[in-house]
Ligand SMILES: NC(=O)c1ccc[n+]([C@@H]2O[C@H](COP(=O)([O-])OP(=O)(O)OC[C@H]3O[C@@H](n4cnc5c(N)ncnc54)[C@H](O)[C@@H]3O)[C@@H](O)[C@H]2O)c1
Ligand SMILES: CC(C)[C@H](C(=O)O)[C@@H](O)C(=O)O
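In the working numbering, the protein residues as written are 129 to 1080.
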């Protein structure tokens, strides 16, 4: 049990809109206390008192003694706002003789002074990138704005005069030190921009001198600049990023400038503040008042439309600076981001009226709490794991005597639990491994749920590490129909029950697309209920697709058993011609080596000097088709390209635990095959096998009934290139013929947004393509799109087995560029002339920088959790601890084992259209329906064959 820690937070709602916004902040604090106390022992006690106008009404004073003494006792204070037209507005606060009494605002000044809150921090950045559109300034001007105003709070004109010759400069010194502390916390160290009016004011000359001396003497590493306040006010609207870093200034300038700054992110209701009495360095107690920067908004108070985000983000600052709970602070910021984010980017688009939204104050606060609960449960599961799985530092040296290992073996070894010697695993070993992520789609979740129900619906191991995407059976045109609606509901219900952190609406992304782009990390062990789970190997994760029931075990326990496979090395050399990406490379590999041969039941490892020419998207297409190749996994050696790709992610949780392994010089590969990328050209894999590969020139002119660009294997890079091919075709005067179907379904909404921003979607549209919602579409033909019987298609998807694109349809595979080129005349066409017409520079600009020479990686060795004889229960928790007490397992399972011949095409056993089936009987009734339509009747008649229901 964690040792209990009681935290006292004083709540001062204040006047007008103050109570409304504070109410939402309080809900956030309560959620944190309720959910986190079982893991971190922290209990937040809330006490409410009065300040400002309401305090004047109740006691005659804006800061009653009871409020001040409660403030002195508290660890932190949450404040709404004070003041409003209801209270007298005389100029001199002390002029009680006129019978007007003190102003409510005086209460605020008095509490700041009494608690010696000398520094007021006001961060200004976009709580969500989706808000950029709401800024009254241009996107190009405000994008990337990120500064914190540090305002000196208990001096300046507010509290009396100072002169240049004031020797001490004490207040300037301490606020400068605090600013320097914040600057040093940033990586790289932030610049301090000190603002004053030294050309006119004596106080400003004192300010400038003290700031300079303090920084030069005490913080020589912190860069700083002086600006005049009037120039800074102009920068703020002309080019605010000039001020990125820490903006240090005195009381009145800070007050005015921070209101001006609030315009950048679009509303005064977004910016939080913290007023501190010490350095927030976690060493000394640092008391603070946390409040939105806005006032009491009397014009909109009580209407339910005040934006509570500034107050909620002030709670995040409180967690970080006064309560020493930085992970909870980040959870609050993440929850706010998700609530504000556009739906297109996986958010909820919940916004109040000031941001052109229609949500009420309470609705926004409730949504933040709902999302936050998931993140907090995620922290709880992280904590439970760190108790049971020791935190392992990086092991940089190979332990003496350890056998040479491949990257795949090292990744598996690192995940191993209870090994007797560090890293000693070899092919054939059956070992227990901890699993970083489990994956499923709505289709396979339905199958997993059967096992999950039998287990009594236990808690899952980590609610922040189950990636459940609704992509296979869905399409906005049919999502209301019983089958997709039922599958969507089942996934949504489970996501709610398990408080899944990362959960999106149907047709947001194909399962593997945004998982690979934003989540998987090198060195992770990933188990997915989908055969293309291997896609995450693109970023050097060991990612494997297993049957639905097998994925429930790691979902619930965080562990599974794994047989270490042999590794086959595919060594890439040389540079591919321009326009030849991952899809042509893997088709070339399949054509050369054939499927279910060298890769069969093995892990495939991609290495070699050619990797430097393969972007992560190109690698993704290759890893994605490891399953067509016959492999268990397809893992790329992680390198600086991988690191640069990961560094661009928004969520730090998904970029800071990457592990980079290298095969030892004496590693044993079952086989090594060298693939010369310079020989790869545009290829086509002919129906019905992904390895029946021919040069596109050999089948050029073949008539088509439809073309499809999409499915998980088609990455953003492929879609960009295909868009440019279409542009060139259109420029050359090619136009879409009247016959045939043209469809493009990008892998995710963020990819669609990028294509739109690049101006490429219009070329797809002009070339006659219908743009579909992200989903599997024609690739599995179980949603709204099916190719017709006998129709001939060219598709950039990954498999072209019988009936895959629709019953009796004939699918051929090619790169998106080849499909694009073939789309105009609806006949297979070599894309080369169109590729050659593309401006390479433009293509690279569209892709963005995928290699960053500044990025370096550390190569490490596996550091498994070793067997500890004093603690035989090495596994984090035994299954029985996790299950409800009523659950019982029998110690043996009985059943008949049915051996099929090798290479039975699982799509043939139960055609995807009938998955997941309402029951086993229902599934059985469709067994071999397309390839042996009389199969079921024969069985019913007693014919001696049995069928399994394995798909992968
Ligand atoms: N820290 C404080 O307590 C504090 C700070 C500033 C002003 N005030 C006091 O508040 C009172 C009103 O001052 P004001 O009107 O100049 O400033 P204000 O910040 O209350 O309001 C300015 C404008 O911004 C809007 N606004 C403010 N907060 C908003 C939110 N969360 N969501 C949506 N819109 C929001 C208001 O509707 C108004 O149109 C005055 O008495 C002033 O002294 C108090
Ligand atoms: C209400 C007023 C005293 C206060 C200030 O000027 O400090 C306000 O404008 C703020 O920014 O918090």
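Even for Gly, the Cβ is constructed at its ideal location relative to N, Cα and C.
{"Asked": "Own chain partners of residue 181 with C-beta closer than 7 Å, once the 5 adjacent residues on each side are dropped", "Found": "143, 210, 211, 212, 214, 215, 232"}
{"Asked": "Span separating the alpha-carbon of residue 406 from that of residue 447", "Found": "15 Å"}
{"Asked": "Uninterrupted alpha helix (DSSP H) stretches inside the stretch 887-949 (no shorter than 4 residues)", "Found": "889-894"}
{"Asked": "Per-residue DSSP class, three states only, for residue 175", "Found": "strand"}
{"Asked": "Proximal residues to residue 159 (C-beta, below 8 Å), its chain only, five neighbours per side dropped", "Found": "497, 500, 501, 504"}
{"Asked": "Where residue 395 sits in the DSSP three-state scheme", "Found": "coil"}
{"Asked": "Same chain, Cβ closer than 7 Å to residue 462, five either side skipped, listed in chain order", "Found": "503"}
{"Asked": "Contact set for residue 382: own chain, Cβ-Cβ below 6 Å, skip 5 residues either direction", "Found": "277, 279"}
{"Asked": "C-alpha distance - residue 771 paired with residue 842, whole-angstrom precision", "Found": "21 Å"}
{"Asked": "Contact between the stretch 670-684 and the stretch 642-661 (3+ Cβ pairs under 8 Å)", "Found": "yes"}
{"Asked": "CB contact flag (residue 320, residue 373, <8 Å)", "Found": "yes"}
{"Asked": "The stretch 628-642 / the stretch 937-946 touching (three or more Cβ pairs under 8 Å)", "Found": "no"}
{"Asked": "Three-state class that DSSP yields for residue 716 in the structure shown", "Found": "helix"}
{"Asked": "Through-space distance from residue 262 to residue 896, alpha-carbon basis", "Found": "34 Å"}
{"Asked": "Simplified DSSP state of residue 420, which is helix, strand or coil", "Found": "strand"}
{"Asked": "Beta-carbon gap between residue 922 and residue 956 smaller than 8 Å", "Found": "yes"}
{"Asked": "Inter-residue spacing [alpha-carbon to alpha-carbon] between residue 1089 and residue 148", "Found": "This structure gives no information on residue 1089, because the portion of the chain shown stretches from 129 to 1080."}
{"Asked": "Three-way DSSP call (helix, strand, coil) for residue 136 in this model", "Found": "strand"}
{"Asked": "Secondary structure of residue 469, DSSP reduced to three states", "Found": "coil"}
{"Asked": "Neighbourhood of residue 748 by C-beta distance below 7 Å, restricted to the same chain and skipping five residues each side", "Found": "644, 663, 666, 710, 843"}
{"Asked": "Exposure label - residue 80; buried when at least 16 CB within 10 Å", "Found": "The chain is shown from 129 up to 1080; residue 80 falls before or after that span and cannot be answered."}
{"Asked": "Cross-strand partners of residue 870 (DSSP beta bridge)", "Found": "835"}
{"Asked": "Residue 836 versus residue 856: straight-line alpha-carbon distance, rounded", "Found": "19 Å"}
{"Asked": "Secondary structure of residue 434, DSSP reduced to three states", "Found": "coil"}
{"Asked": "Sub-8 Å separation of residue 191 and residue 183 beta-carbons", "Found": "yes"}
{"Asked": "Counterpart residues of residue 404 in DSSP-defined beta bridges", "Found": "247, 416"}
{"Asked": "Ligand 2 heavy atom lying under 7 Å from the CB of residue 233", "Found": "yes"}
{"Asked": "Endpoints, alpha helix (DSSP H) assigned at residue 748", "Found": "744-752"}
{"Asked": "3-residue-minimum beta strand (DSSP E) runs that sit fully inside the stretch 752-838, ordered along the chain", "Found": "761-764, 799-804, 811-813, 821-823, 834-838"}
{"Asked": "Per DSSP, the bridge partner or partners of residue 687", "Found": "562"}
{"Asked": "Contact set for residue 970: own chain, Cβ-Cβ below 8 Å, skip 5 residues either direction", "Found": "852"}
{"Asked": "Cβ-based burial, residue 873 [other Cβ within 10 Å; buried from 16]", "Found": "buried"}
{"Asked": "Exposure label - residue 130; buried when at least 16 CB within 10 Å", "Found": "exposed"}
{"Asked": "Outcome for residue 689 when other beta-carbon atoms lying within 10 angstroms are tallied against a minimum of 16", "Found": "exposed"}
{"Asked": "C-alpha distance - residue 864 paired with residue 571, whole-angstrom precision", "Found": "35 Å"}
{"Asked": "heavy atom of ligand 2 below 7 Å from residue 383 C-beta", "Found": "yes"}
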